[in-house]
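Protein chains: 2
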Amino acid sequence: MIKTIGILGGGQLGRMLSMAAARLGIRVHIYEPLPDPPAGDVAARVFTASYEDADALRAFAHSVDLVTFEFENIPAEALDIVEAITPVLPRRNALTVSQDRITEKRFLQEQAITVAPFVEVDTLPQLVAALATIGTPAILKTRRFGYDGKGQVKITDAAQAEEAFAALAGAPAVLEQMITFEREISIIAARNASGEVSCFDPGENVHKDGVLHTTTVPAAISHALQTDAVLLAARILNALDYVGVMGVELFVTSNGLMVNEIAPRVHNSGHWTQDACLIDQFEQHIRAIAGWPLGDGQRHSDAEMVNLLGDEANHLEQWQNCAIHMYGKAEAKPGRKMAHINKISPKSA
Amino acid sequence: MIKTIGILGGGQLGRMLSMAAARLGIRVHIYEPLPDPPAGDVAARVFTASYEDADALRAFAHSVDLVTFEFENIPAEALDIVEAITPVLPRRNALTVSQDRITEKRFLQEQAITVAPFVEVDTLPQLVAALATIGTPAILKTRRFGYDGKGQVKITDAAQAEEAFAALAGAPAVLEQMITFEREISIIAARNASGEVSCFDPGENVHKDGVLHTTTVPAAISHALQTDAVLLAARILNALDYVGVMGVELFVTSNGLMVNEIAPRVHNSGHWTQDACLIDQFEQHIRAIAGWPLGDGQRHSDAEMVNLLGDEANHLEQWQNCAIHMYGKAEAKPGRKMAHINKISPKSA
């Protein structure tokens, strides 16, 4: 029986995972290089050390029954050390796939899942050739370490190739065709070790400056597309023999669903589940990795989640009768995710 | 602005208050004599010291912006020390009233609120006389320190007086008439410093061996009685100029509502709010004492809360698709509150 879970990363996702674990009577130890992490306020123990500190990683791994993570760019060497001592869930294969955009797209294509046309780009001549193939508008993205619109640049004209290539500072990249979509949705899916899969209803996402702004549930899509999204998510989880919660970002296009990206962890676009589902994505993740039965994913209410960045979290007057989720971050830097709110209303069809 | 709240007591109520505070970005420090308290797993800091340790109490009080409590029998001397340094909410007058059954009943009568007929009992002859006045069945209760059916004995025949008196070992007591009631309900009410009052819907309670077993919402009472309960709770809160959440236990009798007892804190019969209201009793309490606007108390779902005592918390198989709230207690002693579950269903009228 899992009594203590270690989480690599102490940000807001680790914080909300910690509280979910506590509800199930499971203690959490946080591993985080930065001092005073958001998750530290609600965790039984915090290890403050770098991902290069093998001794600290070993002590951390020995102190828990199971390790999980709140972000996907954990150095492989750190995971090697931890995994030699304690099981890590979700398993490494999911990280390998999701850490590299090219690996991820190829994996998805192998599952017969549609992704945007893409070309690998390591040099400027490759980018020029890729633009000729893919056309514009297109997006040049680093293969690794991108998040919240960082590590990517939009190209509207082939003449911008040199400037765009320079912007990524020589990092291995991928050029993706920019997709014309009706809407962006995401589906948060969970799978446990016995192969049980459970999905939350797809939410509709609106981004602002490359960062998720709102998620609205239900998404304004047909029942057929909802089912497609569920089946597609299940296919991904099953192909990876995945254990845990995954966020799958999708474009709704005139030709059906296309996967934008996957995240092998709880996801910002699943925060609405905290207040519109009996068992939310955080608890679902803990249940999945700790071997508990999953919640059924049903929502009891419609919901809208709004991210509050920077100073927005200091102006809560407008969010009367909303659920407020503050991340406990000391400094409200511009653009930094500080909190989110959930508004709920009676469930529609 | 309140950034850190201290909680006197580290049990399950402190644990759930801590998580509610974290959602609002407020850190919690716990003060608890027993090592390894349930609230410690989700608190930023734990002070492990007795209520006689003046230095520890002072350090605790200095470390926070505001102090609250999760149980009402805090030694007055400890509160004196804390209060000299940091504000305590709810205020002392609510504790004075609720710590002593006689004081409480007299206070309620002053508010024109009906309570069961009662007589003060300090000696055996007083008990014999009281039984002649009140009749049987009656309940002899200690004036102070009673909870969960402890410190009370039922008297069905005047001949049991001596035995009953001996059972309370000479503690100052009160003899109460045993009320014939249709049902037991409770109402969880909140009031903030600006006098705003907010009530959750009354829940219907079933006890087992003197301990709360289930709370079901809505209670099967008329709309008129629901309104009576709300008005009665508001009268109590306003009379005390109360700040925080209070639990009011009521009997529904053929003559209307009668108050059984009040608790100046979050209450076991309000645990259903965690999963059936957007803002639950724990967050409502933190909002009230920290000067935030209150939630409106509306429920989005019907609910049933079931307490799990002792070994029951090791058998969760039957609670599929229920919200489980474990208290993180190491030892499942018989009768000990270990967890509760909440079942929800679509909201009825």
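Here the protein sequences come in this chain order: A and B. Position one of the first sequence corresponds to residue 777 (our numbering), numbered consecutively onward. Position one of the second sequence corresponds to residue 777 (our numbering), numbered consecutively onward. In this text, a Cβ means the ideal position worked out from N, Cα and C, and glycines have one as well.
Judged by DSSP secondary structure, residue 966 of chain B falls within the beta strand (DSSP E) whose first and last residues are 959-967. If you keep only unbroken beta strand (DSSP E) runs of at least 3 residues inside the segment 841-887 of chain A, you get 842-845. For residue 1096 of chain A, there is no enclosing beta strand (DSSP E), as DSSP gives it neither H nor E. Think of a sphere of 7 Å around the beta carbon of residue 841 of chain B: no beta carbon from chain A falls inside it, the nearest being about 15 Å out. Going by C-alpha positions, residue 786 of chain B is about 35 Å away from residue 965 of chain A. When beta bridges are read from the DSSP output, residue 1118 of chain A appears opposite A:1081, A:1099. The C-alpha of residue 856 of chain A is placed about 40 Å away from the C-alpha of residue 807 of chain B.
Residues of the same chain with a CB within less than 6 Å of the CB of residue 847 of chain B, apart from the 5 flanking positions on each side, are 785 in chain order. At least one beta carbon of chain A lies nearer than 8 Å to the beta carbon of residue 803 of chain B. Its chain contains 977, 979, 1048, 1052, 1075, 1078, 1079 as the residues whose beta carbon lies nearer than 7 Å to that of residue 993 of chain B, once the 5 sequence neighbours on both sides are disregarded; these appear in chain order. The C-beta of residue 1060 of chain A comes no closer than 8 Å to any C-beta of chain B.
Contact between residue 1021 of chain A and residue 1042 of chain A holds, with the beta-carbon distance rounding to 5 Å and staying under 8 Å. Those residues of the segment 1098-1118 of chain A placed with their C-beta closer than 9 Å to a C-beta in chain B are 1098, 1099, 1100, 1101, 1102, 1103, 1104, 1105, 1114, 1115, 1118, ordered along the chain.
Excluding its 5 nearest sequence neighbours in each direction, residue 1015 of chain A has C-beta neighbours in its own chain below 6 Å: 887, listed in chain order. DSSP, reduced to helix, strand and coil, places residue 892 of chain B outside both helices and strands of the structure shown, so it counts as coil.
For residue 789 of chain A, no chain B residue has a C-beta closer than 9 Å to its own C-beta; the minimum C-beta separation is roughly 14 Å. By alpha-carbon distance to residue 1103 of chain B, the top candidate from B:894, B:826, B:789 is B:789.
Under the DSSP assignment, residue 1033 of chain B falls in the beta strand (DSSP E) whose first and last residues are 1032-1039. Residues of chain A whose Cβ lies closer than 8 Å to the Cβ of residue 1069 of chain B are, in chain order, 1096. If you look at residue 1022 of chain B, you'll find it isn't in any alpha helix (DSSP H); it sits in the beta strand (DSSP E) that goes 1020-1029. Separation of residue 917 of chain B and residue 1073 of chain A (C-alpha to C-alpha, rounded to the nearest whole angstrom) is 47 Å. Taking 8 Å as the upper bound for CB-CB distance, residue 950 of chain A and residue 1027 of chain A are not in contact here, some 16 Å apart. For residue 806 of chain A, the enclosing beta strand (DSSP E) covers residues 803-808. Going by beta carbons, residue 871 of chain B and residue 1122 of chain B fall outside the 8 Å limit. When the beta-carbon positions are compared, residue 1023 of chain B and residue 1045 of chain B come within less than 8 Å of each other. In chain order, 1076, 1077, 1120, 1122 make up the part of chain B whose C-beta sits under 8 Å from the C-beta of residue 1076 of chain A. The residues 895, in chain order, have a CB closer than 7 Å to that of residue 909 of chain A in the same chain once the five nearest residues on each side in sequence are set aside. Going by DSSP, residue 993 of chain B is part of the beta strand (DSSP E) stretching over 987-993.
Contact note: residue 817 of chain B reaches chain A through 798, 803, 820, using a C-beta cutoff of 7 Å and chain order. When the beta-carbon positions are compared, residue 1089 of chain B and residue 1108 of chain B come within less than 8 Å of each other. Rounded to whole angstroms, the Cβ separation of residue 791 of chain B and residue 1100 of chain A is 20 Å, and the two are not in contact under 8 Å.
Contact with chain B is absent for residue 1013 of chain A, since none of that chain's Cβ atoms lies less than 8 Å from the residue's Cβ. Close CB contacts of residue 904 of chain A within its chain, under the 8 Å cut and outside five residues either way in sequence, are with 934, 937 (chain order). Interface residue (Cβ-Cβ distance to chain A less than 8 Å): residue 933 of chain B is not classified as such. If you ignore the 5 residues before and after residue 1061 of chain A, its C-beta comes within less than 8 Å of the C-beta of 793, 796, 844, 966, 1020, 1021, 1041, 1042, all in its own chain and listed in chain order.
Among the residues facing chain A, residue 1016 of chain B is not included, as its CB has no counterpart in that chain under 8 Å away.
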